[in-house]
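Following the working numbering, the numbering of the sequence shown begins with 1023 at its first residue and continues without gaps.
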Amino acid sequence: MSAAAALPPGGERPLTPGERELAQGVFGTAINLASVRIRRRRFFPFQPRGTVMAPMGHLHFHPAGADYRDDFSTAPLGLQALFIHELVHVWQSQQRGRLYLPIMRHPFCRYDYRFDPARPFSAYGIEQQAELVAHAFLAAKGAPLSGAPPLAALQDVLPFPVQLGIS
């Protein structure tokens, strides 16, 4: 989106062509991207300013938060990884039903994980799954995190039909 077409607080939009391309590089066709909306409003009234949520197949950015971008495909790598993390929640919602995440998400969900290459992706928690994919994305972009598993090991456990064809 151009600066003139910036999404105002309270608005919503579809994914940009660049965001769709970015997502397809990670998820292939595992997500129905046409149905995904980016909303610049809270999912619920007490959503913290610095928290992005994607509980029912759409990404919710706090209207006064600093993480929203009009096109995440041109955002800094850290925000692209956040975008990918949130799209994992979209994938989870599309796989399990739109109420799955609001029911399964609780304040004690763990983001950190102990990687075991023999452990199936489905055995990790919802936030751990999102972190695994975000870490694979960063590694594929040449920015692996200290302590994260190597890209090849992450690719072996991901359930998506492509092996992170990220350009």
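C-beta atoms are modelled at their ideal positions from N, C-alpha and C, and glycine is treated no differently.
DSSP, reduced to helix, strand and coil, places PHE1068 outside both helices and strands of the structure shown, so it counts as coil.
Using a 10 angstroms sphere on the CB of LEU1099, the tally of other CB atoms stays under 16, which defines it as exposed. In the three-state reduction of the DSSP assignment, VAL1058 falls in the coil class, being assigned neither a helical nor a strand state.
One thing to note: VAL1110 has its Cβ within 7 Å of the Cβ of GLN1151. In the DSSP assignment, LEU1081 falls within the unbroken beta strand (DSSP E) covering 1081-1083.
Comparing alpha-carbon positions, the option among GLN1069, THR1073, HIS1082, PHE1065 lying closest to LEU1037 turns out to be HIS1082. Contact check for GLU1149 and PHE1094: beta-carbon distance about 19 Å, past the 8 Å limit, so the pair fails to qualify. Taking the Cα of PRO1031 as reference, the smallest distance to any Cα among LEU1055, PHE1182, ARG1063, PRO1172 is reached at ARG1063. Membership of ARG1042 in the alpha helix (DSSP H) is indicated by the continuous run 1039-1049. According to the DSSP assignment, ARG1118 belongs to the alpha helix (DSSP H) that extends over 1099-1118. Rounded to the nearest angstrom, the Cβ distance from ALA1103 to LEU1160 is 5 Å, consistent with a contact under 8 Å.
For ARG1091, no beta strand (DSSP E) segment is defined, and its DSSP state is neither H nor E.
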